[in-house]
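A.B. asks: What follows is a structure written as structure tokens; I'll ask about it next.
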Amino acid sequence: MRSKTSIRVVGCHAEGEVGDVIIGGVLPPAGRTMMDKMITMERDHDHIRRMLICEPRGSVARHVNLLVPSTREDCAAGAIIMEPTEYPPMSGSNTICVATVLLETGMVPMQEPETRFKLDMPGGVIEVHAQCRDGKCVSITLRNAPAFVDRLDAGIEVEGLGTLTADIAYGGMFYAIVDAKALGFSIAPDEARELAVAGEKIRRAAREQLDVVHPQFDHVRGVSIVQFAMPFQGPGNVTRNTCIVSPGRSDRSPTGTGTSARMAVLQARGLMGVGDVLIHESIIGSRFTGRIVELTEIAGRKAIVPEITGRAWITGEHSYYLDPTDPYPQGYVLSDTWGTSTSVKQ
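In the working numbering, the protein residues as written are -18 to 327.
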């Protein structure tokens, strides 16, 4: 066997959503901060993402996280999140996978019944509280970076759907949160295809019609994900949602950053307060528990500090090779599963 590349990956999923973790074979990108490193990775080394996420090695349902040394002394490790169409500053399900892999492979020493450490992520420092038993992470609680509302009740003109109202909020990426019930959805598994098509229509319209920019990260702009939310059932009760991940599929997990964004909206509407809990259920019935830890500000905007609790499981370990004669070193995509959009930033 000949190979000019060998990349080691630990397979993992968080509540059903794939978040594999690169543990060897890729050099850390240059940069002073983890956000700088993420930008460098996207600009100069995107062939890694394409090789592992695009076919024939990957799939549209895969996310990959690159472990890198932390840029801060107070963090145990850093990570860069790579998704089919973008490099998000933060992802709850991916970070839960990263934390689980670090602990269960011994890269971060596990202490039972609880291990605490910090992760250096592009979107900020994430505090991790891991409940551990018999060498397994039973659950991971993340204290996310601040989540905030950009605007409530934004009007969006969507082809085939008319004028919709959406709440725009940031929880690690920007979300357009729409009322699923008003659009005739109950977020059942057999609605997944219809939800994906409608979600991508809404996302494209939101990106075209709404100027959305993070107040601290100028390059983080535009709605990345549409969240279809069922009516809020009150603090402590189960509320169903699904988030449409580009290029067009339902996130299998309840989505950690989406849960953070939803809690920011609910707090802004006076429906949740500090200490209140949101049990978010996904389209496949898996759950994250969100909690508002405290209120804060970000660049003068009112914000919340959210916590997300969920679980992850290691599924295997893989070594990926690239033969010098392989005609698809960066993979390929086809519209039957990837839709018609193939660029990194849609």
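No residue lacks a Cβ here, since even glycine has one placed at the ideal position from N, Cα and C.
1) Going by beta carbon distance, what residues of the same chain come within less than 7 Å of Asp160, once the five residues before and after it are set aside?
2) Where DSSP assigns a beta bridge to Asp160, which residues make up the other side?
3) So, helix, strand or coil for Asp25, using DSSP?
4) Closest to Cys56 by CA distance: which of Ser40, Ile29, Met22 and Arg97 is it?
5) So, does the segment 306 to 318 touch the segment 13 to 25, judging by three or more C-beta pairs under 8 Å?
6) In whole angstroms, what is the alpha-carbon distance linking Met91 and Val119?
7) Please give the ranges of any beta strand (DSSP E) in the segment 237 to 311, keeping only runs that are unbroken, at least 3 residues long and fully inside the region.
8) Using the beta-carbon count (16 or more within 10 Å), is Ser324 buried or exposed?
9) Please go through the same chain and pick out, in chain order, the residues whose beta-carbon is closer than 8 Å to the beta-carbon of Glu175, but skip the five residues on each side of it.
10) Can you round the beta-carbon distance between Met32 and His44 to whole angstroms, since I take them to be within the 8 Å contact cut?
11) Give the secondary structure of Glu(-2) by DSSP, where H, G and I count as helix, E and B as strand, and everything else as coil.
12) Compare the beta carbon distance of Pro287 and Ser241 with 7 Å and say whether it is the shorter of the two.
13) Tell me the rounded alpha-carbon separation between Glu54 and Val130.
14) Can you look up Val(-9) in the DSSP assignment and give me helix, strand or coil?
15) Where Glu138 and Ala147 are concerned, what is the direct C-alpha to C-alpha distance, given to the nearest angstrom?
16) Relative to the C-alpha of Asp134, which residue among Val246, Ile3 and Val255 is closest?
17) Using 8 Å for Cβ pairs, my map puts Gly0 next to Ser74. What's the rounded Cβ distance?
18) Assess, as a yes-or-no matter, whether the segment 216 to 226 is touched by the segment 193 to 201 under the definition of 3 or more beta carbon pairs within less than 8 Å.
19) Could you check the C-alpha separation between Ile183 and Ile107 for me, to the nearest Å?
20) Just the Cα atoms here: how many angstroms apart are Ile265 and Ser231?
21) Going residue by residue through the segment 12 to 80, where are the continuous beta strand (DSSP E) segments of at least 3 residues, counting only ones entirely within it?
22) How should Gly281 be labelled, buried or exposed, when 16 other C-beta atoms within 10 angstroms of its C-beta is the threshold for buried?
C.D. replies: The structure says:
1) Cβ neighbours of Asp160 beyond the five flanking positions: Ala210.
2) Per DSSP, the beta bridge partners of Asp160 are Ala210.
3) If DSSP states are grouped into helix, strand and coil, Asp25 belongs with the helices.
4) The closest CA to that of Cys56, considering only Ser40, Ile29, Met22 and Arg97, is found on Arg97.
5) No, because fewer than three Cβ pairs between the segment 306 to 318 and the segment 13 to 25 fall closer than 8 Å, the two stretches do not touch.
6) A direct Cα-Cα distance of roughly 12 Å separates Met91 from Val119.
7) Entirely contained in the segment 237 to 311, the beta strand (DSSP E) runs reaching 3 residues are, in chain order, 258 to 262, 268 to 279, 282 to 291 and 293 to 303.
8) Residue placement at Ser324 is poorly supported in this model, since its pLDDT is 44, which falls under 50; the coordinates still yield a value, given next. Taking every protein chain shown into account, the CB of Ser324 has fewer than 16 other CB atoms within 10 angstroms, so this residue is exposed.
9) Here the set comprises Phe166.
10) Not really, about 14 Å apart at Cβ, beyond 8 Å.
11) If DSSP states are grouped into helix, strand and coil, Glu(-2) belongs with the strands.
12) Less than 7 Å separates the beta-carbon of Pro287 from that of Ser241.
13) Computed Cα separation, rounded: 31 Å.
14) In the structure shown, Val(-9) sits in a strand (DSSP, three-state: E or B).
15) Distance between the alpha carbons of Glu138 and Ala147: 11 Å.
16) Closest by alpha carbon: Val246.
17) By a beta-carbon distance limit of 8 Å, Gly0 contacts Ser74. Their separation comes to about 6 Å.
18) They do not touch, by the three-pair rule.
19) In this structure, the CA atom of Ile183 is about 30 Å from the CA atom of Ile107.
20) CA-CA distance, Ile265 to Ser231, rounds to 10 Å.
21) Fully enclosed beta strand (DSSP E) runs of 3 or longer: 45 to 49 and 58 to 63.
22) By the Cβ-count criterion, Gly281 is exposed, with fewer than 16 other Cβ atoms from all chains shown falling within 10 Å of its own Cβ.
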